[in-house]
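> Sharing a structure below in C-alpha cells format, with a few things to ask.
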Amino acid sequence: MSFAPALRLCTRRVVASALIRPSITFAGARKLHSGPPRQDKPGKYAQTDPQIEVEYPEDHELPSSEPVAGTGGQYVKPTLPTFSLDGHVGIVTGGARGLGLVMGQGMVFSGSHLALVDMNKEEAEKQTSLLIEAFKKENPRARRTPKVTAHYADVSDPESVEACIAEVVKEHGKIDNLVTSAGFTENFEAVNYPIDRLRKLWAVNVDGTYLFATSVARHLMERKAPGSIVMIGSMSGAIVNVPQPQAPYNAAKAGVRHLAASLAVEWAHANIRVNCISPGYMLTAL
7 MSFAPALRLC TRRVVASALI RPSITFAGAR KLHSGPPRQD KPGKYAQTDP
57 QIEVEYPEDH ELPSSEPVAG TGGQYVKPTL PTFSLDGHVG IVTGGARGLG
107 LVMGQGMVFS GSHLALVDMN KEEAEKQTSL LIEAFKKENP RARRTPKVTA
157 HYADVSDPES VEACIAEVVK EHGKIDNLVT SAGFTENFEA VNYPIDRLRK
207 LWAVNVDGTY LFATSVARHL MERKAPGSIV MIGSMSGAIV NVPQPQAPYN
257 AAKAGVRHLA ASLAVEWAHA NIRVNCISPG YMLTAL
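So for the sequence shown, my numbering puts the first residue at 7; every next one is plus one.
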C-alpha cells in the first residue's frame with residue numbers, strides 16, 4: 007500500500023475511535039462539571055435585592071489623595087520610554103481628588119503643565135502644591151518644574167465652563183489635552199428617583215463632559231492645533247451593575263461612551279482625538 011492510502015486509512019481509524027470512545031480529557035471535563043451549580047458565586051442576585059444596602063465609606067476610610075510616585079518628561083525620567091507630554095498643557099475636570107487627581111499626577115510626571123478644575127477650588131489649590139512638591143522630590147535634577155494651577159468650574163453651567171477655559175488659556179497660553187473626570191453617582195430605584203437629582207446627575211456627567219469637550223475643541227480649531235480629549239466613562243455604560251439601582255447613571259455613562267465615539271469621527275478632520283476610558287470599581291474619594 008502506498009503512503010497516501012495508508013495515511014487516509016490511519017486517519018479514518020483515529021476519527022472513528024474518537025467518535026466511539028470519548029477521550030480521557032472530555033470524560034474528565036464532564037466529571038469536573040457534573041456536580042451541582044455553586045450558589046455562592048458572584049452575581050447570584052439577578053435583580054436588586056431590597057434587603058441589600060450599598061454602603062459608602064466615610065472620608066477618613068478613603069485612600070489618601072497624596073500624590074503617587076511617578077516620573078516623566080524630556081528633562082526628567084520618563085514614565086514610559088517613548089511617552090512625553092513636555093510642552094503640553096492639560097486640563098483635568100474633577101481633578102481635586104480621586105481618579106481625576108491621579109490622572110493629573112500622571113500628566114505632570116510626564117512633563118505636562120496642568121490645570122486642575124474642580125467645584126472645590128480650595129482642595130484643588132492644596133493638591134496643586136502637593137503635586138509640585140512631589141514632582142520636585144521625584145526629579146531633583148529637573149531643568150524645569152511643570153506649572154500646575156487650580157481653577158473653579160461648575161461643569162454643568164455653560165458660562166462657568168467658558169470662564170474657566172478663558173482663565174486657563176490666560177494662565178497657560180494654550181490647551182492641548184483634556185480629561186473629563188468630573189462626575190458622580192447616586193442609588194435610587196428608577197420609579198422613585200427624584201427628578202431634580204436625575205437632572206443634576208445628567209447635567210454633570212453628560213452635559214459637563216460635552217461642554218468642556220466642545221469648548222476645548224473650539225480652542226484647538228482656532229489654533230489649528232492637534233489635541234487629545236479623554237472622557238472618563240464607566241463600565242456601567244456598557245453593563246448593568248447589581249445590586250445597586252442606578253439606571254440614570256448607567257444611561258449617562260452610556261451617553262458619554264457614545265459621545266466620545268461620535269466626536270472622534272466629527273473632529274478627526276481637525277486632528278483632535280477623542281477617546282473614552284471606562285473604569286470598573288475603584289475606592290476613591292468622590
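We put the beta carbon where it would ideally sit given N, CA and C, even for glycine.
Classify Leu107 as buried or exposed, calling it buried when 16 or more other Cβ atoms lie within 10 Å of its own Cβ.
Buried, since its Cβ has 16 or more Cβ neighbours within 10 Å.
> Measuring straight from C-alpha to C-alpha, what distance separates Val154 and Thr186?
Roughly 17 Å between the two C-alpha positions.
> Is it right to say Ser268 is buried, meaning 16 or more other beta carbons lie within 10 angstroms of its own, or is it exposed?
Ser268 should be labelled exposed.
> Taking the alpha-carbon positions, what's the Val95 to Val222 distance?
Using only the alpha carbons, I get a separation of about 12 Å.
> Based on Cα-Cα distance, which residue from Ile201, Gln133, Lys259, Phe194 lies nearest to Pro249?
Closest option to Pro249, Cα to Cα, is Phe194.
> With DSSP as the reference, label Cys282 as helix, strand or coil.
Correct three-state label for Cys282: strand.
> Just to confirm, are Thr99 and Phe218 a CB contact at a threshold of 8 Å?
Yes, Cβ-Cβ distance for Thr99 and Phe218 is below 8 Å.
> For Tyr287, which residues in the same chain have their Cβ closer than 6 Å to its Cβ, ignoring the five residues on either side in sequence?
Here the set comprises nothing.
> My guess is that Ala274 and Val212 are in contact by the Cβ rule of under 8 Å, so how many angstroms apart are they, rounded?
The pair is not a contact, with the Cβ atoms about 22 Å apart (cut-off 8 Å).
> State the CB to CB distance for the pair Ala266 and Met241, rounded to an integer number of angstroms; the pair is presumed to be in contact (CB under 8 Å).
Their Cβ separation, rounded to whole angstroms, is 15 Å, which puts Ala266 and Met241 out of contact at 8 Å.
> Could you pull the DSSP bridge partners for His264 from this structure?
Partner(s): none; His264 has no beta bridge.
> Is DSSP giving Met237 helix, strand or coil here?
Of the three classes helix, strand and coil, the one that applies to Met237 here is strand, per DSSP.
> Grab me the residues of Ala209's own chain with a C-beta within less than 7 Å of its C-beta, minus the 5 sequence neighbours each way, in chain order.
Answer for Ala209: Ser162, listed in chain order.
> For Gly96, list the residues DSSP reports as bridge partners.
In DSSP, Gly96 forms a bridge with Leu120, Asn183.
> Return yes when the Cβ of Leu122 is within less than 8 Å of the Cβ of Ala308, no when it is not.
With the chain represented from 7 up to 292, any question about residue 308 goes unanswered, as that position is not in the structure.
> State the beta-bridge partners of Tyr158 as determined by DSSP.
Paired residues: Asp124.
> Can you give me the Cβ contacts of Tyr158 inside the same chain, cut-off strictly under 6 Å, excluding the 5 residues immediately before and after it?
Excluding sequence neighbours, Tyr158 sits near Lys127.
> For Arg205 and Ile235, what's the separation of their Cα atoms in angstroms?
C-alpha separation (whole angstroms): 25 Å.
> Along the chain, where does the alpha helix (DSSP H) containing Gly214 start, and where does it finish?
214 to 229 is the extent of the alpha helix (DSSP H) around Gly214.
> Do you know offhand how far Ala196's Cα is from Val262's?
Taking the straight line joining both Cα atoms gives about 20 Å.
> CA-CA distance, Cys170 and Arg147?
Going from the Cα of Cys170 to the Cα of Arg147 covers about 33 Å.
> What did DSSP end up calling Lys153 once you bin it into helix, strand or coil?
In the structure shown, Lys153 sits in coil (DSSP, three-state: anything other than H, G, I, E or B).
> For Leu289, count neighbouring C-beta atoms within 10 Å of its own C-beta (all shown protein chains included) and say buried if the count is 16 or more, exposed if not.
Label assigned to Leu289: exposed.
> In the DSSP assignment, find the unbroken alpha helix (DSSP H) run with Val167 in it and report its ends.
Residues 164 to 178.
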